[in-house]
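J.: Would you mind keeping the following structure in view while I ask a few things?
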Amino acid sequence: MRWNDLKAIDVPAFYLYRFARIMPSLILVLAIIVTLGSFDAPFFNNTDDHHQLPASYFFISVASVLGFWHNVLMQSSGYVNYCIDIYWSLSVEEVFYLVLPLACLLLRRTALIVAVCIVAIAIGPIYRSQHTDNEILFMYGYFACFDAIAFGCITALLARYAVFPEKFNRAIRLFAGGAICVVYMRGINGHEIFGFSFIALASAAFLLGSANDGRMGWTTGRVSSGVRWLGRHSYEIYLFHVVVLGLMRNVLNKEQLSYEARLPWFFLFLSLSVLVAWLVARYVSEPANVAIRQRYVQSRRQS
Numbered sequence: 081m082r083w084n085d086l087k088a089i090d091v092p093a094f095y096l097y098r099f100a101r102i103m104p105s106l107i108l109v110l111a112i113i114v115t116l117g118s119f120d121a122p123f124f125n126n127t128d129d130h131h132q133l134p135a136s137y138f139f140i141s142v143a144s145v146l147g148f149w150h151n152v153l154m155q156s157s158g159y160v161n162y163c164i165d166i167y168w169s170l171s172v173e174e175v176f177y178l179v180l181p182l183a184c185l186l187l188r189r190t191a192l193i194v195a196v197c198i199v200a201i202a203i204g205p206i207y208r209s210q211h212t213d214n215e216i217l218f219m220y221g222y223f224a225c226f227d228a229i230a231f232g233c234i235t236a237l238l239a240r241y242a243v244f245p246e247k248f249n250r251a252i253r254l255f256a257g258g259a260i261c262v263v264y265m266r267g268i269n270g271h272e273i274f275g276f277s278f279i280a281l282a283s284a285a286f287l288l289g290s291a292n293d294g295r296m297g298w299t300t301g302r303v304s305s306g307v308r309w310l311g312r313h314s315y316e317i318y319l320f321h322v323v324v325l326g327l328m329r330n331v332l333n334k335e336q337l338s339y340e341a342r343l344p345w346f347f348l349f350l351s352l353s354v355l356v357a358w359l360v361a362r363y364v365s366e367p368a369n370v371a372i373r374q375r376y377v378q379s380r381r382q383s
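Residue numbers (the numbering used here): 81 to 383.
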């Protein structure tokens, strides 16, 4: 990431391409949730965390999602909508995407960008240590999550400029994969301050060990084709899995679901989520993404 590379960044195009990828399917899922919630469908209405909010509250919650400050709204209002609250993480992600090009153009040097990432990594645990008694603050705040993104940025730079021996890549993947399992099994209770940082660090190490693997069998072979498909459609799965879950919970709730039926019901949930994600990607996300980008390119050519 040299300054010569940064000068080539087309900031308007960057923002428009992010809009084209994110907004069409986001608007669709919000329209579905608001429609069902307006008819007071359980898990879609504005009733959560002891709140009893009217349908008009959708104006605020939808605006917060589209404006990427839903996590801020939750910090002041708590959990308000079973389906919409899941989109707090989109607010964190998109604020990062809004700031990244401007930070690159302002800082201009790789060393300064890395320094900012290190500061974000240091701030994360400090921020979480001040809010361990409030999960909305220590889990959903911008400063509670930016350290993970900073780990990702540094990993991308290392993967571009540093090539490690194959044995090292294999070893770091095994170590990082084991670390992820250990931290996950320990849970978040009692590990609110550094647990998230450890997960992010282990994930970054695993990605670094996979980035320059000369064999590339796992990343290109047929065995992993399903995993790669899930990765390409992860955004649609993220958006619509909660709609599938909300509808299924209206059919059978936890109390009505027998122990023997839980695993089949879980696999049905996964299958329906993947199917819905495929339909949305095929008929909404991908066509809208292509159309918006083509229109932008055509307008640039005409100007």
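Backbone N, C-alpha and C define an ideal beta-carbon position, used for all residues, glycine too.
When we look at the beta-carbon of Thr115 and count the other beta-carbons within 10 Å, is it buried (16 or more) or exposed?
T.: By the 10 Å Cβ count, Thr115 comes out exposed.
J.: Tell me the rounded alpha-carbon separation between Gly270 and Arg381.
T.: So the alpha carbons of these two residues sit roughly 56 Å apart.
J.: Would you check if the distance between the CB atom of Val262 and the CB atom of Ile113 is smaller than 8 Å?
T.: It is not a contact, given that the beta carbons lie outside the stated cut-off.
J.: Given Leu238, which residues of its chain have a CB within under 7 Å of its CB, disregarding the five upstream and five downstream residues?
T.: Taken in chain order, the residues that qualify are Leu288.
J.: Just to confirm my understanding: we take Met328, look at its own chain, exclude 5 residues before and 5 after, and list those with CB closer than 8 Å. What are they?
T.: Same-chain partners within the cutoff: Trp345, Leu348, Phe349 and Leu352.
J.: Identify which residue in Ala251, Val243, Glu215 and Val160 has its Cα closest to the Cα of Ala291.
T.: Checked all of Ala251, Val243, Glu215 and Val160; the closest Cα to Ala291 is Val243.
J.: Does the beta carbon of Asn151 fall short of 7 Å from some heavy atom of the ligand COA?
T.: Only the bare structure without any ligand can be found here, which leaves the ligand COA out of the picture.
J.: On the criterion of 16 or more Cβ atoms from any shown chain inside 10 Å, does Asp120 qualify as buried, or is it exposed?
T.: Its Cβ having fewer than 16 others within 10 Å, Asp120 is exposed.
J.: Please classify Ala135 as buried or exposed, where buried requires at least 16 neighbouring CB atoms within 10 angstroms.
T.: Exposed, since its Cβ has fewer than 16 Cβ neighbours within 10 Å.
J.: At 4 residues or longer, and completely inside the region 305-364: list those alpha helix (DSSP H) runs for me, N to C.
T.: Whole alpha helix (DSSP H) segments, 4+ residues: 305-312, 314-331 and 339-360.
J.: Would you check if the region 212-232 and the region 151-161 touch, i.e. whether three or more CB-CB distances between them fall below 8 Å?
T.: Touching, yes.
J.: Would you report the Cα separation of Leu86 and Leu185, rounded to the nearest angstrom?
T.: Caution is warranted here: a pLDDT of 48 is assigned to Leu86, below 50, making its placement in the model unreliable, and the coordinate value is therefore given only provisionally. About 6 Å.
J.: Quick test of your reading: Cys389 and Cys233, contact by CB under 8 Å. State the CB separation rounded to the nearest angstrom.
T.: With the chain running from 81 to 383 in the structure shown, residue 389 is simply not present.
J.: Between Leu266 and Ile372, what straight-line distance do the alpha-carbon atoms span, to the nearest angstrom?
T.: Residue 266 is actually Arg in this sequence, not Leu. When rounded, the distance between both Cα atoms is 45 Å.
J.: Shortest alpha-carbon distance to Leu106 belongs to which of Gln210, Ile317, Arg302 and Val199?
T.: When only C-alpha atoms are compared, the closest one is Ile317.
J.: Between Arg312, Ser305, Val354 and Val307, which has its C-alpha nearest Leu325's C-alpha?
T.: With distances taken between Cα atoms, Leu325 lies closest to Val354.
J.: Report the start-end ranges of each alpha helix (DSSP H) in the region 127-205 that is 4 residues or longer and not cut off at the edges.
T.: Whole alpha helix (DSSP H) segments, 4+ residues: 138-146, 150-157 and 168-187.
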